[in-house]
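In this note's numbering, the protein residues as written are 116 to 235.
Note sheet for the following structure.
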C-alpha cells in the first residue's frame with residue numbers, strides 16, 4: 116500500500132509479483148480473503164492500523180511492519196489470541212532518510228492455526 120502515485124509505479128515495476136495498492140493506509144478497507152502485509156506505515160496511524168489488521172474478522176495471514184520501536188515492544192508483549200506477535204529486526208533512526216525522532220523495529224505478525232488459539 117502506497118499513497119504517493121510515483122512510488123506506486125516504482126514499486127509495481129520493481130516487484131511485479133506483488134500487488135501494490137494505491138491507497139491511504141488510514142482509510143483502507145481490508146480484502147475479504149486471506150492477505151499478507153509488508154509495510155512501513157506512518158507512525159501516527161500505527162496503533163489504529165494494527166487494531167484493524169488484528170481484528171477478529173480480519174483475513175490477515177502474516178504481516179511484517181516497520182513501526183516505532185516502543186509500539187513494537189508493546190504489541191509484542193501482549194498475548195494475542197489469534198496471532199503471534201514478535202519483535203523482528205531493530206532499526207536505528209539513522210537507517211532512514213530523513214531520520215525519524217525515534218528508533219524503529221519490525222513487528223512480525225503470524226496468524227495462529229485455528230487449534231492453537233481456540234482454547235485461549
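Built from N, CA and C at the ideal position, the CB exists for glycine as well.
Taking all protein chains shown into account, do 16 or more other C-beta atoms lie within 10 angstroms of the C-beta of residue 130, making it buried, or fewer, making it exposed?
-> On the chain shown, residue 130 is found 15 positions in, with the first residue counted as 1. Label assigned to residue 130: exposed.
Could you pull out every unbroken alpha helix (DSSP H) segment of at least 4 residues lying fully inside the region 142-203, listed in chain order?
-> 161-168, 184-191
CB contact flag (residue 123, residue 137, <8 Å) = Against the chain shown, residue 123 aligns to sequence position 8. Against the chain shown, residue 137 aligns to sequence position 22. Yes, they are a contact pair.
Can you round the beta-carbon distance between residue 176 and residue 226 to whole angstroms, since I take them to be within the 8 Å contact cut?
-> In the chain shown, counting from the first residue as 1, residue 176 sits at position 61. In the chain shown, counting from the first residue as 1, residue 226 sits at position 111. Right, their Cβ atoms sit about 5 Å apart.
Answer yes or no: do residue 220 and residue 203 have a C-beta to C-beta separation smaller than 8 Å?
-> As a first step, residue 220 must be located in the chain shown, where it is residue number 105. As a first step, residue 203 must be located in the chain shown, where it is residue number 88. Yes, the pair counts as a contact, with Cβ atoms nearer than the cut-off.
State yes or no: is the beta carbon of residue 190 nearer than 8 Å to at least one beta carbon in chain C?
-> The displayed structure is made up of one protein chain only, and chain C is not part of it.
For residue 170 and residue 195, the rounded distance between their alpha carbons = The residue given as residue 195 occupies position 80 in the chain shown. The residue given as residue 170 occupies position 55 in the chain shown. About 11 Å.
Note down, in chain order, each residue of its chain lying with its Cβ closer than 6 Å to the Cβ of residue 180, except the 5 sequence neighbours on either side.
-> Here residue 180 is taken as the residue at index 65 of the chain shown, counted from 1. Excluding residues within five positions, the ones whose Cβ falls inside 6 Å are 154, 222.
Within its chain, find whatever has a CB closer than 6 Å to the CB of residue 235; leave out the 5 residues flanking it on each side and keep chain order.
-> Sequence index remark: in the chain shown, residue 235 carries index 120 (1-based). Because residue 235 sits at a pLDDT of 47, beneath the cut-off of 50, its placement in the model cannot be relied upon, and the point is left open.
Using the Cα positions of residue 187 and residue 218, report the straight-line distance between them to the nearest angstrom.
-> Taking the first residue of the chain shown as 1, we reach residue 187 at position 72. Taking the first residue of the chain shown as 1, we reach residue 218 at position 103. Between residue 187 and residue 218, the C-alpha separation is close to 11 Å.
Beta-carbon spacing of residue 126, residue 135 below 8 Å = The residue labelled residue 126 in the question sits at position 11 within the chain shown. The residue labelled residue 135 in the question sits at position 20 within the chain shown. The answer is yes: Cβ separation under 8 Å.
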